[in-house]
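Sequential numbering from 17 applies to the sequence shown in the numbering used here.
Glycine is no exception: its CB is placed at the ideal position from the N, C-alpha and C atoms.
Only one structure is covered here, and it is reproduced in the block below.
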Amino acid sequence: MHAGQTTLGIDEATLARAAETLRGGGLVAFPTETVYGLGANALAPTAVARIFEAKARPHFDPLIVHVAEVAEARRLTTHWPDIARALADAFWPGPMTLVLPKQSIVPDLVTAGLATVALRIPAHPVALALLRAAERPVAAPSANRFGGVSPTTAAHVQDELGKQVDMVLDGGACQTGVESTVISLVEAGPPRVLRLGGLAVERIEQVVGEVAIAKPQAAGREAEQRGQQSPGMLERHYAPRTPLWLVERRANFPSEAHHESGQKFKVGMLIFGRSAGDVKSDPRNREYEIAAVESLSATGDVVEAAANLFAAMRRLDALGLDGIVAERVPDKGLGRAINDRLRRAATR
Ligand code: TXA
Ligand code: MG
């Protein structure tokens with residue numbers, strides 16, 4: 017390790033420059049344990065406005081505010097119920113976002129005019145070091161263009177938004193690989209999971225008892241007018257450009273997937289719990305040409321699969337195929353978040 021290099025793998029000078037960029041109203045993309053975030057000073061509306069511009073994100077979609085300490089989170093809310101304390105004690109830093117009533121210092125642009133704010137302490141040394149050095153809460157959505165696949169490496173961010181951001185901090189590949197679980201503590205009654213994510217529902221329930229899980233909502237103006245709760249719940253989201261079919265494991269490929277000429281469809285497969293060789297020799301798959309296979313986890317481990325999901329989707333998307341066929345994973349633990357993302361990617 018040479019002089020100035022920290023245990024983070026990012027040198028002190030780079031970190032200091034990133035913090036200074038945030039304080040000056042700039043955009044810094046940074047790693048978290050879930051996905052890469054596109055950060056700006058959460059308390060400066062002009063800085064936050066640049067996030068929406070860079071992502072082409074509609075203004076009705078509120079942002080998560082990242083902080084380094086629980087005390088900082090509390091300062092941004094008007095109410096800190098016991099259940100928030102219990103969840104924060106159990107899962108922060110970590111892939112959990114809590115929605116609570118907002119303090120007036122949080123700009124309306126951050127919360128899309130809602131009276132609530134989404135808060136998270138990320139579990140990544142680079143993110144935490146940046147938040148501490150910036151000495152400000154940092155608003156950060158996933159660092160991708162709106163509706164697309166979230167980035168899990170610095171290269172993903174560089175490719176997609178490199179021109180729009182002032183700096184991209186490279187902290188390696190994200191360990192969790194799917195976005196945080198968003199939990200609303202605003203309504204009376206049990207906590208409501210607004211977005212399934214990197215913290216499994218089963219683990220939340222171990223701490224707070226049964227939770228409610230919100231249904232996905234329709235996109236667009238209509239949803240906006242209905243005053244939707246969490247636009248990350250949009251039906252079509254997290255989507256590659258290539259059409260994606262979600263199938264039961266080992267199911268036949270959807271029959272509509274043929275060219276009119278009768279020519280075979282060229283597809284990429286996202287598989288789970290089996291090997292690429294197994295897929296290619298499966299006689300049911302002869303109807304189409306398998307151009308590429310991405311195995312999310314050969315051993316059937318949903319945690320490993322979550323970590324591989326978005327990078328695998330991006331690699332298949334880059335091949336210019338006729339379609340992507342994704343196998344549903346078991347609906348347990350992080351498998352629920354994976355199926356949720358695949359379902360949204362598949363919605364036309
Ligand atoms: O893991 C993550 O959460 C990543 C990293 C960077 O922290 N961030 C992320 O941000 O996924 P984004 O903007 O892609 O998703 C934020 C989600 C959206 O579903 C948004 O609607 C919801 O959080 N959200 C934000 N503020 C909210 C609020 N006040 N009430 C309800 N939902 C809110
Ligand atoms: Mg996002």
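Which stretch, first to last residue, makes up the alpha helix (DSSP H) that contains residue 125?
First-last of the alpha helix (DSSP H) with residue 125: 124-127.
Could you tell me the alpha carbon to alpha carbon distance between residue 153 and residue 144, rounded to whole angstroms?
Going by the C-alpha atoms only, they are around 11 Å apart.
Would you list the residues whose beta-carbon is nearer than 6 Å to any heavy atom of the ligand MG, in the order they occur in the chain?
Residues with a Cβ closer than 6 Å to any heavy atom of the ligand MG, in chain order: 157, 158, 166.
If you reduce the DSSP assignment to three classes, tell me which class residue 147 lands in.
DSSP places residue 147 in helix when its eight states are reduced to three.
I'd like to confirm the pairing. Which residues does DSSP put opposite residue 288 in its beta bridges?
Residue 288 pairs with 313.
Give the single residue among 307, 342, 226, 333 whose Cα lies nearest to the Cα of residue 205.
Of the candidates 307, 342, 226, 333, the residue whose Cα lies closest to the Cα of residue 205 is 226.
Where do the N-terminal and C-terminal ends of the alpha helix (DSSP H) with residue 121 fall, by residue?
Taken as a continuous stretch (DSSP letters only), residue 121 belongs to no alpha helix (DSSP H), as it is neither H nor E.
Quick one: what's got a C-beta closer than 7 Å to residue 69's C-beta in the same chain, skipping five residues either side?
Within the same chain, and ignoring the five residues on either side of residue 69 in sequence, no residue has its Cβ closer than 7 Å to its Cβ.
Kindly indicate which residue of 61, 80, 193, 112 has the alpha-carbon position closest to the one of residue 217.
Sorting 61, 80, 193, 112 by C-alpha distance to the C-alpha of residue 217 places 112 at the top.
In angstroms with no decimal places, state the Cα-to-Cα distance between residue 50 and residue 193.
About 5 Å.
Roughly how many angstroms separate the alpha carbons of residue 365 and residue 335, rounded to a whole number?
What the structure shows of the chain is the stretch from 17 to 364, and residue 365 is not part of that stretch, so it cannot be assessed.
If you run the structure through DSSP and keep just helix, strand and coil, what is residue 238?
Because the pLDDT at residue 238 is just 44, under 50, the model does not fix this residue reliably, and the value given afterwards should be weighed accordingly. In this structure, residue 238 counts as helix in the three-state DSSP scheme.
Any idea what DSSP makes of residue 82, helix, strand or coil?
Strand, per DSSP.
Which residues DSSP lists as bridging residue 218, in chain order
BP columns for residue 218 are empty, so no partner.
When the Cα atoms are used, what is the spatial distance from residue 26 to residue 35?
Each residue's alpha carbon lies about 13 Å from the other.
So residue 323 is in the alpha helix (DSSP H); what residue range does that whole segment cover?
That run of the alpha helix (DSSP H) goes 318-333.
Can we say the segment 324-339 touches the segment 164-179, given the rule of at least three CB pairs closer than 8 Å?
Segments in contact, yes.
Residue closest to residue 259, alpha-carbon to alpha-carbon, out of 126, 332, 148, 171:
Residue 332 is the option with its Cα nearest to residue 259.
Beta-carbon within less than 6 Å of residue 38's beta-carbon, same chain only, minus the 5 sequence neighbours each way: which residues are those?
So the list reads 44, 57, 150, once near-sequence residues are dropped.
What are the boundary residues of the alpha helix (DSSP H) that residue 36 is part of?
Where residue 36 is concerned, the enclosing alpha helix (DSSP H) stretches over 28-39.
8 Å CB neighbourhood of residue 199 in its chain, flanking five on each side removed
Excluding residues within five positions, the ones whose Cβ falls inside 8 Å are 103, 112, 113, 114, 115, 207, 208, 209, 210, 220, 227.
Going by C-alpha to C-alpha distance, which of 290, 298, 177, 263 sits closest to residue 46?
Of the listed residues, the one whose Cα sits closest to residue 46 is 177.
Does DSSP classify residue 90 as helix, strand or coil?
Of the three classes helix, strand and coil, the one that applies to residue 90 here is helix, per DSSP.
What does DSSP give as the partner residue(s) for residue 192 in the beta ladder?
Beta-bridge pairing links residue 192 to no other residue.
Could you spell out where the beta strand (DSSP E) holding residue 263 opens and where it closes?
Unbroken beta strand (DSSP E) run through residue 263: 260-263.
Might you give, ordered along the chain, the residues of its own chain that have their beta carbon closer than 8 Å to the beta carbon of residue 308, omitting 5 neighbours on each side?
Within the same chain, residue 308 has close Cβ partners 284, 285, 331, 332, 335, 337.
Residue 338 beta carbon near the ligand TXA (any heavy atom closer than 7 Å)
Not so, every heavy atom of the ligand TXA lies at least 7 Å from the Cβ.
Cβ-heavy atom distance, residue 292 to the ligand TXA, below 7 Å:
Every heavy atom of the ligand TXA is 7 Å or more from the Cβ of residue 292, so no.
Roughly how many whole angstroms lie between the Cα atoms of residue 355 and residue 344?
C-alpha separation (whole angstroms): 6 Å.
With burial defined as no fewer than 16 other Cβ atoms inside 10 Å of the residue's Cβ, what is the status of residue 257: buried or exposed?
The residue is exposed, with fewer than 16 neighbouring Cβ atoms inside 10 Å.
Residue from 179, 97, 65 whose Cα sits closest to the Cα of residue 125:
Per the Cα distances, 65.
By the DSSP assignment, the beta strand (DSSP E) with residue 72 in it spans what residues?
Note, residue 72: premise wrong, no beta strand (DSSP E); not H, not E.
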